[in-house]
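Residue numbers (our numbering): 196 to 501.
In structure tokens form, the structure reads like this:
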């Protein structure tokens, strides 16, 4: 799956990249997980099969390409292991106290009890149902026989509930800022650097399903479906004939189909960069702002966490 992304990227961007790898053309950044590093390397193997002088072994059409990373506890741009107490608290409040999720948890209370009884895992809200869904999905993917009890709950409604759980990380404006605000600010920085030719033409990020959902939901373009393996968001910077800079967003969430266009609320297919800046200004923030906002303060009613 991940290898197949390489040729898709190749088809879309070959007009701006050389056929052979050059560090001036591309920069790759991954989270510090084995699976995301391996995904990035697989993508690159498909994007840059060696040619000519870059073939160092005729029996192995592969070449090493650097992938950069940051230890998880320090990765505040892409990572999920960073320490942000306020994010954890607000997400907990969302899952357990927000009217929508309170009603959802009440609606599926009997399902939670059923799954708890048969799985041995305590399930009392939508967050934990995802763990069960993921386990069953992977077992099914590898053609394992699922327990008889799962037929009542899998694939549905566990699939639906697992998909909904992805929006809990970016349910409110404040959660959007803490989860995706730094990443969106970095993307804008990349676009602006590309305008003065001080950035590689292609920047790739290898991260997680909740990185994808967090970005899409923060931008208002998430369709509440579980991001599948090898899904990706493609963001292109174009220059119009009159010199203005335009952004195009595409999403690939099906390995059998090409990426499709996404249109940001309040924008057009080719979204002016200035409009993107304006639309994302409420959720973008600097590292200093993020660190300050991650602290728990007196504006939060601590009683809601019980």
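Every residue, glycine too, gets a C-beta built ideally from N, C-alpha and C. The structure presented is a predicted model; accordingly, all values stated were derived computationally and were not measured.
| Item | Value |
| --- | --- |
| Name the DSSP bridge partner or partners of residue 433? | 441 |
| Would you kindly work out how many angstroms separate the C-alpha atoms of residue 467 and residue 378, rounded to a whole number? | 19 Å |
| Does the stretch 215-232 come close enough to the stretch 407-418 to have 3 or more Cβ pairs within less than 8 Å? | no |
| If you drop the 5 nearest sequence neighbours on each side, which residues of the same chain put their C-beta closer than 8 Å to that of residue 420? | 358 and 448 |
| Starting from residue 397, follow the beta strand (DSSP E) in both directions and report where the run begins and ends. | 397-401 |
| Would you report the Cα separation of residue 235 and residue 428, rounded to the nearest angstrom? | 14 Å |
| With distances taken from CA atoms, which of 267, 241 and 200 is nearest residue 191? | Nothing can be reported for residue 191: it is not among the residues displayed for the chain, which extend from 196 to 501. |
| Please say whether residue 399 and residue 440 have beta carbons closer to each other than 9 Å? | no |
| For residue 381, does the three-state DSSP call read helix, strand or coil? | helix |
| Report yes if the C-beta distance between residue 150 and residue 216 is below 9 Å; otherwise report no. | The requested residue 150 does not occur in the structure, where the chain is confined to residues 196 to 501. |
| Quick one: residues in its chain with C-beta nearer than 8 Å to the C-beta of residue 478, no 5 flanking neighbours on either side, listed in chain order? | 368, 371, 372, 375, 376, 379 and 413 |
| Identify the continuous alpha helix (DSSP H) that holds residue 262 and give its terminal residues. | Element bounds for residue 262: n/a, residue is neither H nor E. |
| Exposed or buried, which one is residue 503 when buried takes at least 16 other CB atoms within 10 Å? | The chain is shown from 196 up to 501; residue 503 falls before or after that span and cannot be answered. |
| Short of 8 Å in beta carbon distance, which residues of its chain neighbour residue 280, apart from the five on each side in sequence? Order them along the chain. | 489, 490 and 491 |
| Measure the C-alpha to C-alpha separation of residue 363 and residue 345 and round it to an integer number of angstroms. | 25 Å |
| So if DSSP puts residue 225 in a beta bridge, which residue, or which two residues, is it bridged to? | 264 and 401 |
| What is the rounded straight-line gap between the Cα of residue 271 and the Cα of residue 212? | 29 Å |
| From which residue to which residue does the beta strand (DSSP E) around residue 329 run? | It is not in any beta strand (DSSP E) - residue 329 instead sits in the alpha helix (DSSP H) that spans 321-336. |
| Would you say the beta carbon of residue 288 comes nearer than 8 Å to a heavy atom of the ligand ADP? | In terms of ligand content, the structure shown is empty, and the ligand ADP therefore cannot be addressed. |
| Kindly indicate which residue of 222, 438 and 365 has the alpha-carbon position closest to the one of residue 284. | 365 |
| Closest by CA to residue 475, which one among 243, 265 and 462? | 462 |
| Identify, in the order they occur along the chain, each residue of the same chain with its Cβ nearer than 6 Å to the Cβ of residue 356, setting aside the five sequence neighbours on each side. | 321 and 324 |
| State the start and end residues of the unbroken beta strand (DSSP E) segment that holds residue 455. | 455-457 |
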